[in-house]
Amino acid sequence: MEKVKEVWRQCDAVCFDVDSTVITGEGLDELASYMNKGEEIAALTRKAMGGTMTFREALEMRLNILQPNKSDLQGFIQKNSLQFTEGLRELVLLLQSKNIDVYLVSGGFISIIQPIADQLNIPTSSIYANHLKFNEDGEFWKVPS
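Quick look at the structure:
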């Protein structure tokens, strides 16, 4: 345990996964529930986490089912408050008070993660995540590459 404490004392930066770490749930699953496709998407998420398909395969399948548009995302973000994992806010504040850079890294989407980062005072430049692509009408365009 002393080694762990020493690592925390000496670190210059900390990276957190977002889904089921920074927040208690899976952002894409929450969006799917909002779009009334929750069970179908959650089943694919479980398969991906269980190793029966690659992350890329699961992502493509989930997005092809959801086909979220910009309006869906905006409505989801306005009406849903993703729950932070207990103690996470305090930990991020402590790290920031010690001038330790905090990064959010995710296989999820920056459009869902940005409001979380905003609440934690983490700049956009410290988020590493996928971008959803839309056409000029705001309709889902394709799975990110």
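Numbering-wise (our numbering), the sequence shown opens with residue 1448 and increments by one.
We put the beta carbon where it would ideally sit given N, CA and C, even for glycine.
Which one of the options has the shortest CA to CA distance from residue i?
i	options	result
SER1544	ASN1568, GLY1555, PRO1562	ASN1568
ASP1466	PHE1587, GLY1522, LEU1579, THR1532	THR1532
ILE1559	ILE1574, ASP1548, VAL1549	ILE1574
ASP1548	GLY1555, LEU1540, GLN1561	LEU1540
LEU1506	GLN1521, ASN1546, GLU1487, ILE1524	GLU1487
GLY1594	ASP1459, HIS1578, PRO1515	The requested residue 1594 does not occur in the structure, where the chain is confined to residues 1448 to 1592.
ILE1512	MET1482, ASN1546, GLU1449	MET1482
GLN1457	GLN1525, GLU1504, ASN1546, LEU1520	ASN1546
GLN1514	GLY1534, LYS1452, ALA1479	ALA1479
Which partner residues of residue i appear in the DSSP bridge assignment?
i	result
LEU1551	PHE1463, ILE1574
PHE1556	ASN1577
PHE1587	PHE1581
PHE1531	ILE1470
Run the CB neighbour count on residue i, radius 10 Å, all protein chains shown included, and call it buried at 16 or more, exposed below.
i	result
GLY1474	buried
GLU1586	exposed
ASP1593	Absent from the structure is residue 1593, since the part of the chain shown begins at 1448 and ends at 1592.
ARG1509	buried
PHE1502	exposed
GLU1477	buried
LEU1491	buried
PRO1570	exposed
Are the Cβ atoms of residue i and residue j separated by less than 8 Å?
i	j	result
PHE1463	VAL1454	no
GLN1530	GLY1472	yes
LYS1494	PHE1581	no
LEU1542	VAL1461	yes
ALA1576	ILE1557	yes
Tell me the DSSP secondary structure of residue i in three-state form.
i	result
LYS1580	strand
ILE1470	strand
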